[in-house]
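Everything in the sequence shown is counted per this note's numbering, starting at 25 for the first residue and increasing by one.
Heads up: the structure comes next, in structure tokens.
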Amino acid sequence: MLQYRLTILFLLLANSLFSQIKPTLGYYLPAISFDAAIPTPTQFLGFEIGEHHISHDQLLAYMHALDQASDRIALRTYGHTHEGRPMICLTITDPANHARLPEIQKQRQQLLYAATSASVDLKNMPAVNYMGYSIHGNEASGANASLLVAYYLTAAQTPEVQALLRNTIILLDPCFNPDGMQRFSSWVNSRRSINGTGDAVNDEFNEPWPRGRTNHYWFDLNRDWLVTQQPETPGRVAIFQEWHPNVLTDHHEMGSNATFFFQPGVPSRVNPITPIRNQELTTKIGQYHAQLLSEKKVLFYTGENYDDFYYGKGSTYPDANGCIGILFEQASSRGSAQQTENGLLTFAYSIRNQVFTSLSTLKAVGEMRVELNEYLRSFYQTAVEEARKNPVKGYLINNVSHDRPAYALLEILLEHGIEVRNVQENISLNGQQFPAGNTFWIPTEQPQYRLVRGIFEHQTTFTDSIFYDISAWTLPDAFGLQWAPVQVRDFKSSWIDPNPGMAITSRYGAAIIGTPAYAYALDAVGYELPQVMALLFRAGLQVKLAMQPFQADGRRMAAGSILIPGDNQPMNETVLLQKMNEISAILPVFTISNGLTAEGPDLGSSSFVALRAPKVVLITGDGISPESAGEVWHLLDTRYNLPVTLVEGDRFPSVNLSKYNVLILPDGSLGNLSIEKVREFASGGGTVVAIGSALRWLDNANLVDLNFRNGPAKQSGRRPYASIAEDKGARNLPGAIFEAELDLTNPLCFGYTRPTLPLFLGDTIFVETAKNPYATPLVFTENPLLAGYIHPKQKGLVARSAAVVTCGLGKGKIICFAGDPNFRGFWYGTNRLFANAIFFGNVLNADGVERKP
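This is the structure:
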């Protein structure tokens, strides 16, 4: 009874504290003089910061109000999200600096080049501080803090702030993820009580799937800095490359029972390409945070948990660009106020700590201005010096037959300020052919040498076995391109076009077809072929797939080519001709004048099988990885223009599946998904496409016959208790690149021309090859690791295991992907495998799939 009374008393006290929370401006900012003409956040919003979660439109409106009220600010809209929300950045500095921003930008660009770097006067050049908030939309304390930081910089009247503004250009992005922030704030505000409980099980602290962390298509934008696949990213990368900031701050939240973290992270987990000086400066800046947080009695830690390895994160991308990236992680209230192991954690308190570390960063950058500018200059000077000593002179990329992925990669390189040149001679190197014209050269000897290394190198040895994110991301592998490093001894300067820049000769936009044809054909090779097929089906056309190679009208066509007969179509030949000319702007369309072929099956043969239009259902909801589901949704919706119906697992039993013929099961825990519903769908002739952990669910549900290779056993014998976390982490697969062999005759591999392909594995799903010898179209090679870390005891689990297994159930097919063919939207090289599963899965030979005994 006494314990019960104490619990009631505690909850009543918590409610009392909760109801008294009403922070004022003085709670967040120092007691100094502010310009009365500048509206405070409270005056503009009508409530105190921390009382509610601001919505993105409120944040946007306040930033525009500051822009109107102050000559210290210039507001720039640099892009729009998938949902149409503006992405904005404030340039905040002294009015005199605003008048010469182009001049300051030009000076900073001069630091990249040896010919101009030495002449730049660093003592009189402002530092640049890029401050970014809440790239994860449900880590909202950062975005809410940005209003206070912007107000402080705009309205503060002290000599210290005025000196800071004279000596610093501040680029303030108040919210890197507007769509996620809006989704989260709407949920929390709609569940907020006047008399809250602080109880962690309350709805307010438990937002529904997919939650607000990600953007519209459920991508983690903090993994997109390097690969720039989402519309929120290219604009902020452009700002970064325009200014080459000295420091970039990245404000996040972590678990509610934590305290506060700031970098540096774990020393042994820093990317070896990053100069040691970077971490020294990070540590020095950290002393400013430590001093202020200690003065305010805030618990914090550093040097643990987080790393600086993957160059695609906001706190690590800067490290490859002469900048100091700093990650801040604040314990999250996830709502208004939540009881934690450290007491009552209020939203206002989490905002205040983000404000404090913003102010400590500003102080550090202001006082370390010359030192930081000296590091920026030295970074690019030493980069070129190191490049001259590197035995790799540069990299060749062959664009033949892979226009779209090559375009995408070249665009990324240019966004990051990387020099690319055309190749003007045919090159034969180590058995590979690189023809002139659309082969490209990326030299190592250039200012962005370190970033070039980070993009192209295959790293397989590491000083640590634990990674906060992936351990490999070699981009030409991800894009499925033929490429090669070129040693200094093999290089010939005559290969390279001496003119700066590059030009692309495209195979797109083929000549207009003048007269109707007997039939039309599209070659099997081409990233955009699924997009074209979706267009053909939307027009109601009959589409056939060539199961064997053939030759017609003097042109050889590979297996997997698409045939559109001129006869028996739902439109007359003139309209069909017009449609074919529209498609020729996407992929070349070839005409065929006679059904009798010179080689291979004639066009009326059963070797040309009729394709059905995919009608796709994608399972979403609790247990499903939002990122995995989002990758599929994004691919089908934005690249292939193929409609996809999203159905949460708990609604799945009530859905009439007769309207659909493809069911996609993303990575994750499918939990209570109706087994009988999936069985009925597949048995009736549907195609099921499954990714990652969904394979285990299918096997446990007795829908497929898969055998999994078990991971390494737990550590035996005595081990130090302190080694638990490290031993466990070392046996995870953080994300690495492996080589697989393709059966190029299998419809799932149509469109590929090389016998091997780099695949991404990010989980320990290791599958035995099928008992049916025809049912493993992709198998990992004997020594498959191309780049990244894998525990020594796991290497044998990947070797000769199945990358893809094709299974059968009744009349249907179940296509099982052990890895992620659509990883983060930039793994272009395996998108076609996934698309083939959707478009061609049902035509797999019944004898070529694995069935349960």
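Note that beta-carbon positions come from the ideal geometry of N, C-alpha and C, so glycine has one too.
Computed from a predicted model, the values in this text were never measured in an experiment.
Pick from the options that is closest to residue i, judged by C-alpha positions
i    : options                   : result
N414 : Q470, S339, N724 and E75  : Q470
T381 : N770, L53 and D493        : L53
R100 : L195, I78, M155 and L730  : L195
A558 : I586, R124, P459 and I699 : I586
I128 : S280, E266 and D274       : E266
V549 : T252, A634, P459 and N423 : N423
R733 : N685, T788, L368 and N696 : T788
N191 : A151, M205 and L171       : A151
L687 : S495, L722 and A187       : L722
For residue j and residue i, the rounded distance between their alpha carbons
i    : j    : result
G461 : Y431 : 14 Å
E443 : F243 : 28 Å
A799 : F774 : 15 Å
A907 : Q378 : Look at the range of the chain in this structure, 25 to 877, and you will see that residue 907 is not part of it.
A179 : R216 : 32 Å
A570 : L553 : 14 Å
R376 : F352 : 13 Å
S402 : L136 : 9 Å
A870 : M581 : 25 Å
E874 : E655 : 27 Å
Q566 : V613 : 16 Å
Y86  : P63  : 9 Å
L305 : L642 : 47 Å
A314 : A811 : 37 Å
E409 : R513 : 18 Å
N270 : P288 : 16 Å
G628 : V640 : 29 Å
Q405 : E398 : 11 Å
A823 : T805 : 6 Å
K568 : N523 : 45 Å
N226 : N281 : 16 Å
G590 : E107 : 41 Å
Y852 : N846 : 7 Å
Q134 : G441 : 13 Å
V212 : L437 : 40 Å
P573 : L560 : 22 Å
L49  : A372 : 11 Å
Residue i in three-state terms, based on DSSP
i    : result
Y52  : helix
R562 : helix
W519 : helix
L694 : coil
L136 : coil
I699 : helix
Q378 : helix
Q470 : coil
F486 : coil
R445 : strand
A572 : Strictly speaking, residue 572 in this sequence is Gln, with Ala absent from that position. The answer is coil: DSSP assigns Q572 none of H, G, I, E or B.
F229 : helix
I218 : coil
L833 : strand
L727 : coil
R247 : helix
R742 : coil
P126 : helix
R412 : helix
H76  : strand
Cross-strand partners of residue i (DSSP beta bridge)
i    : result
P509 : Y419
D197 : G156
P110 : H104
L589 : Residue identity check: residue 589 is Pro in the sequence provided, not Leu. P589 is bridged to A543.
L453 : Q456
V803 : E765 and A826
W465 : L420 and R445
V278 : This sequence places Met at residue 278; Val is not what is there. Answer is A355, bridged to M278.
R643 : As written in the sequence, residue 643 is Ile, which differs from the Arg given in the question. The partner list for I643 (beta bridge, DSSP) reads V671.
E439 : None; E439 has no bridge partner.
Counting pairs of beta carbons, one from the stretch 748-762 and one from the stretch 859-872, are three or more of them closer than 8 Å?
The stretch 748-762 and the stretch 859-872 do not touch, with fewer than 3 CB-CB distances between them shorter than 8 Å.
So, does the stretch 830-844 touch the stretch 705-723, judging by three or more C-beta pairs under 8 Å?
yes
Does the stretch 483-500 come within contact of the stretch 323-341, defined as at least 3 CB pairs closer than 8 Å?
yes
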